[in-house]
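Counting from 81, one number per residue, gives the positions in the sequence shown under the working numbering.
Remarks on the structure that follows.
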Amino acid sequence: MAKRVFSGMRPTGKLHLGHLAGALTNWVRLQNEYECLYCIVDWHALMSDYADSSRIRKNCKEVLLDWLAAGLDPEKSTIFVQSHVPQHAELHLALSMITPLGWLQRNPTYKEQILNIQNKDLGTYAFLGYPVLMASDILLYKAEMVPVGEDQSAHLEISRELARRFNNFYGEILPEPQMLLTPTPKVPGTDGRKMSKSYGNSIDIADSPEEMWNKIRTMITDPARERRTDPGDPEKCPVWDLHKVFNDDKEQHKEIIKGCTTAGIGCVQCKKMLMEHVKRVMEPIHERRRYYESHSENLRNIILAGAERAQILAQQTIDEIVNSIGF
Ligand code: ADP
Ligand code: NA
81 MAKRVFSGMR PTGKLHLGHL AGALTNWVRL QNEYECLYCI VDWHALMSDY ADSSRIRKNC
141 KEVLLDWLAA GLDPEKSTIF VQSHVPQHAE LHLALSMITP LGWLQRNPTY KEQILNIQNK
201 DLGTYAFLGY PVLMASDILL YKAEMVPVGE DQSAHLEISR ELARRFNNFY GEILPEPQML
261 LTPTPKVPGT DGRKMSKSYG NSIDIADSPE EMWNKIRTMI TDPARERRTD PGDPEKCPVW
321 DLHKVFNDDK EQHKEIIKGC TTAGIGCVQC KKMLMEHVKR VMEPIHERRR YYESHSENLR
381 NIILAGAERA QILAQQTIDE IVNSIGF
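Written out as structure tokens, the structure reads:
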């Protein structure tokens, strides 16, 4: 039987090209080899946005549209919303019983995030327990593999430790999930930093080609290349990083490196070449997004069917757990 894969994303708004190249492209590939479950984790979004939850529902729809546009296929994968499957909450409670506080307090991303996110009081019980809910998401389906970015590896380690600890108390029920590290470089945003919604430097999947070109046209390049006649260094240029992600024409790669380092081509020309590749990659993605935008009854059916399938698997695990605890 095919191995089971689980991954999720928080519904925080429209997804961008970093999500596409850094996660979704890989998720789409995994669909053909594994039994995949892809979950829009709205409870996780509520953890940081509990004071204003009004956009979570709308954001779930945006994420679903972006996922389907990117090529996640509801015929191949189980695509669903976390809160539609209440068993996530039940397993979260069960795991919280055996979670040592020290594991959560030591979690480096916890310390980092609690200081970074502005104007939000994240000193809550739930936010400290973020990795416990994440472990529940994965272990509920006995997922064997979890594709994650490097930023999530500490969290996944807690999931593995929780599975081991649970099994020690109650018997071999929960397999330890393996990390499947996504081999994609950081996708830079228009300002050269990592593309991220919170930096305001993102190119969204849903942006039209015109909007994308406006962002790419004004992107920063190698700062040392002030004039058209200055030679540049591709390794210091975020436009080149985007070429490496979206441009598969190796001959053109050589042309660009030579042109840039000898001032043979200008940055605008280089950006135009990049835009052609982005346009080509995005065309079928935009077409699928437009299709689903105008077929909202399909969206509803997809997400209901996904929840139904996920609930069946989830309840099997919960039954085993409740039994072995001895309730
Ligand atoms: P979440 O809060 O749901 O973890 P993020 O916005 O941090 O959402 O992104 C989810 C995943 O998408 C990350 O773990 C990473 O794999 C990928 N990702 C996001 N932004 C980028 C980027 N700029 N470059 C590469 N991958 C990215
Ligand atoms: Na993240």
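The beta-carbon is built from N, C-alpha and C at its ideal position, and this holds for glycine as well.
{"Check": "Interface flag, GLU400 vs chain B, CB-CB below 9 Å", "Outcome": "Structure shown: chain B not included; a single protein chain is present."}
{"Check": "Cβ neighbours of ALA101 in the same chain (closer than 8 Å, five flanking residues each side left out)", "Outcome": "THR264, VAL267, VAL325 and PHE326"}
{"Check": "Check: VAL122 C-beta below 8 Å from any heavy atom of the ligand ADP", "Outcome": "According to the sequence displayed, residue 122 carries Asp and not Val. No; taking the cut-off as 8 Å, the Cβ of ASP122 has no heavy atom of the ligand ADP nearer than that."}
{"Check": "Neighbourhood of the ligand ADP [Cβ distance below 5 Å to any heavy atom], ordered by chain position", "Outcome": "MET89, ARG90, GLY98, HIS99, GLY102, ALA103, GLY229, LYS266, VAL267, LYS274 and MET275"}
{"Check": "Supposed contact pair MET299 and THR270 - C-beta distance, whole angstroms, cut 8 Å", "Outcome": "5 Å"}
{"Check": "Buried or exposed (CB count within 10 angstroms, at least 16 for buried), LEU97", "Outcome": "buried"}
{"Check": "Of the residues HIS235, TYR221 and GLU142, the one placed nearest ASP287, counting alpha carbons only", "Outcome": "GLU142"}
{"Check": "VAL85 (DSSP reduced to helix, strand or coil)", "Outcome": "strand"}
{"Check": "C-alpha distance - GLY280 paired with THR397, whole-angstrom precision", "Outcome": "41 Å"}
{"Check": "8 Å contact criterion, which LEU213 and TRP123 should meet: CB distance rounded", "Outcome": "6 Å"}
{"Check": "Length-filtered (3 minimum) beta strand (DSSP E) runs lying within the segment 231–295", "Outcome": "258–261"}
{"Check": "Simplified DSSP assignment, three categories, for PHE407", "Outcome": "coil"}
{"Check": "Presumed contact (8 Å Cβ cut-off) between ASN378 and THR262, rounded CB distance", "Outcome": "That pair is no contact at about 28 Å."}
{"Check": "Local conformation of MET225 per DSSP, three classes", "Outcome": "strand"}
{"Check": "From LYS138, THR158 and LEU144, residue whose alpha carbon lies closest to that of GLU115", "Outcome": "THR158"}
{"Check": "Cut-off 8 Å between Cβ atoms - residues of its own chain near VAL319, not counting five sequence neighbours on either side", "Outcome": "ILE296, MET299, THR301, CYS347, CYS350, LYS351 and LEU354"}
{"Check": "Reduced DSSP category for THR158 - H, G, I as helix; E, B as strand; rest coil", "Outcome": "strand"}
{"Check": "Meets three-Cβ-pair contact criterion under 8 Å: the segment 366–374 and the segment 133–151", "Outcome": "yes"}
{"Check": "N- and C-terminal bounds of the alpha helix (DSSP H) containing GLU331", "Outcome": "330–341"}
{"Check": "Option in LEU110, LEU202 and ALA223 with minimal Cα separation from ALA390", "Outcome": "ALA223"}
{"Check": "Residues of its chain near ASP153, where Cβ-Cβ distance is below 7 Å and the 5 sequence neighbours each way are ignored", "Outcome": "GLN111"}
{"Check": "Simplified DSSP assignment, three categories, for HIS375", "Outcome": "coil"}
{"Check": "For TYR130, the first and last residue of its enclosing beta strand (DSSP E)", "Outcome": "Note, TYR130: premise wrong, no beta strand (DSSP E); not H, not E."}
{"Check": "Where ASN381 falls, given that 16 or more other Cβ within 10 Å makes a residue buried", "Outcome": "exposed"}
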